[in-house]
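Notes follow once the structure below has been shown.
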Amino acid sequence: MAPVKSKTNLACDRCRQRKSRCDGIRPSCTHCIAAGQHCSYRPTPTNLETLSQAEIRIRALESRCGMLNGPGNGSDQMIPGMGSPAAMGTTKQPQVFENPPDLHTAAANKMLHCWPRIRLYLTLPDLNPQTYLQDTDAADRFLIEPILPQSELPRLSLWQVDRALNHFYDATLGLPIGLVQLLNTHESLGRIHIFESMAALYPPGSSSPHTISLDPHRLSVEQLLVMSMALKLGNPTALGAREADVQAASAFCFSLAMQRQWTLHANPEILAPLSLTMTYCLIHFWARPFHALGILRSIDSAIKQLSMRSKVHTDILTEIDDFPSTVSLNLLNNWGTQSAPVFYAPDHVRSGSPDESYTQACLDSHVWLRNLLNKILASLYTPNKAYGQPQEFVDLVRGLGAELRHWYQSQPLAQQFVRDTTTFSMKVPFMPFHVRELAIRYFSCVFLLHRPVLYFYLHREMEYSVRPPPPQSSMAAPDDEPWVLESCRDCIESAVLMISFAWIDMEKPSRKGNLSWCELQMLFAAYLVILQVKPVQGLAPLFSSVGDLEPLLDRVEEIFRTSGRESVQLRRAVEILRCEREKFDVASPRYGV
């Protein structure tokens, strides 16, 4: 019978360097004691670290298996962006959709409850930090009750309507990328259909366009939605009307469209696109997120049916001509890897003007960044990981940060933007609206990726009192390691750049108030983070390239005040920010640069 081997102990670092046999006695082995050398052992990996690494490896394997086993993926096909960084250098962006986690702690309003100092300084009466968004949204009667009495509604002549619609369709590159895609891919929202249907209601030559007024009650749902957007973004001076009248007419058209939404269920072909358009308007123009969420839930089955019909249609095309078209091939490649369909334009539209190619490239970039944001939320913001220590998610932060850098380097020059405050302070860059929209989404990913590290750095004494740090072989504390400070810098810098890029449009009268509710929530979180870091002396060197932080806070408040929306929620948000700022000023009057 073979002798049973005794357990082999872990060798110390000194014996590893000498490549000598170590007896593994702790705290000092026999060899080190005899030689008078300092003896140190590597820390034993904990179960938490092993589990975290296993989860990352399993997710990568599942993603790879799904890509290989998905329908329509042959041996020579591969979803763009899922391979090496070199593959991301192509103009084609990944079309992978990943479901966001069911519950996460990344929302801006969560900071009012979960960040101790912010919760301490929030002294507004009758305010529940966890439910104030729902409470204010339920209390807001705008768009629900009549905008104005019927006799006081503003009257718009047909020439004003014609001018507003032409300006709207000529300036679609100034709309959110999702709305642009809906306008380009659905005939019911296109310029030709809207103008032809308007001409059918008001035949040319029947009367002078300067004397006849538009009656919104005669318009269809798609006409009301387009009219609402055209008036919301229109220039009152060019229309020869007061701004208050134009905005009231826009709100009235949109409220009529919402009242008639039930009629869309009789026509499944237009239910999904028009409901999605209504959802975009609620988020981007009216700051009503919970109403938008309700509409999405109500059409969830319609979207799934549309997706299934697209798959069946693709299979039929493949069987008939044996060579699938561009549209069917795109649907085939993406089926099974996305939770919602992508509405592709016809071939002659997709390969048409440079504007169409540019819009498609921007949309693909947004999809990729949304996919990565879902990964960040699922990896760092689930309740069991919300208060982890930096050493527990260092690999996640580095890996996802590398993906972000590789994605940016793969973008064409026309879609790149400034990524550091030093360059931004030298010259305010000019950029198209969609690039600015893309930049804010990029910095949102960076901000949320590094925010858990910054939170721990700011509250490490409190967190260590609950869970002491693990023993370290080096002299530096885990929260003072270089990568931790770099992560804090990236979080602060991304918050500053989000505010700076959002302020670019505020300085243009034609773009004022053109931020969506989602972007405003990111500015809300960036404001609170800047308040937190201002009194921290250890982070003062990071402010050298940023400068004075007070103007940044003033800009956020100005953006909320002049957002161009009648929203109880946004007014309440300004009250919260002002209350927090006053309390931080009293508690720490000297901070920053």
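Sequential numbering of the sequence shown, starting at 17, is according to the numbering used here. Virtual Cβ for every residue (Gly too), placed ideally from N, Cα, C.
Pairwise C-alpha distance: residue j and residue i
| i | j | result |
| --- | --- | --- |
| L143 | V242 | 37 Å |
| F459 | Q197 | 23 Å |
| A288 | S314 | 10 Å |
| L172 | R258 | 11 Å |
| A541 | V237 | 36 Å |
| L128 | E596 | 10 Å |
| F517 | I228 | 43 Å |
| R234 | T279 | 14 Å |
| L309 | R58 | 51 Å |
| Q275 | H281 | 13 Å |
| E479 | K401 | 13 Å |
| N251 | P192 | 18 Å |
| V549 | S561 | 15 Å |
| I74 | S395 | 13 Å |
| W351 | S79 | At W351, the pLDDT of 41 sits below 50, so the modelled position is not reliable; the number obtained from the coordinates is stated separately. The alpha-carbon atoms of W351 and S79 are separated by roughly 14 Å. |
| E419 | C45 | 43 Å |
| L26 | G40 | 6 Å |
| A430 | C269 | 36 Å |
| W175 | R435 | 45 Å |
| M245 | Q553 | 47 Å |
| S56 | A70 | 28 Å |
| D316 | N283 | 15 Å |
| C461 | S441 | 22 Å |
| Q263 | D231 | 16 Å |
| K126 | A216 | 51 Å |
| L138 | E598 | 10 Å |
| N182 | L199 | 14 Å |
| G415 | W384 | 16 Å |
| E574 | W519 | 9 Å |
| K391 | L454 | 18 Å |
| R571 | A318 | 41 Å |
| R421 | C81 | 25 Å |
Cβ pair residue i, residue j closer than 8 Å
| i | j | result |
| --- | --- | --- |
| A260 | L247 | no |
| A273 | L240 | yes |
| Q405 | P485 | yes |
| Y471 | W131 | yes |
| L663 | M514 | Shown here, the chain extends from 17 to 609; a query on residue 663 therefore has no answer. |
| F600 | L536 | no |
| R179 | L255 | yes |
| D521 | R452 | yes |
| Y543 | L593 | yes |
| F306 | Q146 | no |
| L568 | V512 | yes |
| L189 | P428 | no |
| Y397 | A122 | yes |
| L195 | Y296 | yes |
| E591 | L140 | yes |
| P551 | S604 | yes |
| Q585 | D29 | no |
Close Cβ partners of residue i (< 6 Å) along its chain, the five nearest in sequence each way excluded
| i | result |
| --- | --- |
| H466 | S503, D506, C507 |
| S583 | A303 |
| T159 | Just to set this straight, residue 159 is Leu in the shown sequence, not Thr. Cβ within range, chain order: S271. |
| E509 | T437 |
| A124 | Q537, F540, A541 |
| V177 | L230 |
Counterpart residues of residue i in DSSP-defined beta bridges
| i | result |
| --- | --- |
| S173 | S229 |
Cβ-heavy atom distance, residue i to the ligand SAH, below 7 Å
| i | result |
| --- | --- |
| I193 | Ligands are entirely absent from the displayed structure, and the ligand SAH is therefore not among its contents. |
Residues near residue i by beta carbon distance below 7 Å, same chain, minus five either side
| i | result |
| --- | --- |
| S532 | P192, I299, H300 |
| H47 | C31, S36, C38 |
| V500 | P406, V469, Y473 |
| R588 | Y148, T152 |
| I286 | S204, L280 |
| C534 | I299 |
| L312 | T295 |
8 Å Cβ shell around residue i - same chain, five flanking residues per side excluded
| i | result |
| --- | --- |
| H209 | E203, E238 |
| Y424 | Q432, R435, Y458 |
Exercise for the section: Tell me the start and end of each unbroken alpha helix (DSSP H) in the region 190–232 that is at least 4 residues and wholly inside, in chain order. Expected result: Fully enclosed alpha helix (DSSP H) runs of 4 or longer: 193–201, 207–217.
Exercise for the section: May I have a chain-ordered list of the alpha helix (DSSP H) segments no shorter than 4 residues that lie completely inside the region 243–271? Expected result: 252–255
Practice task
List in chain order: all unbroken alpha helix (DSSP H) runs of 4+ residues lying wholly within the region 434–481.
Solution key: Whole alpha helix (DSSP H) segments, 4+ residues: 437–442, 449–474.
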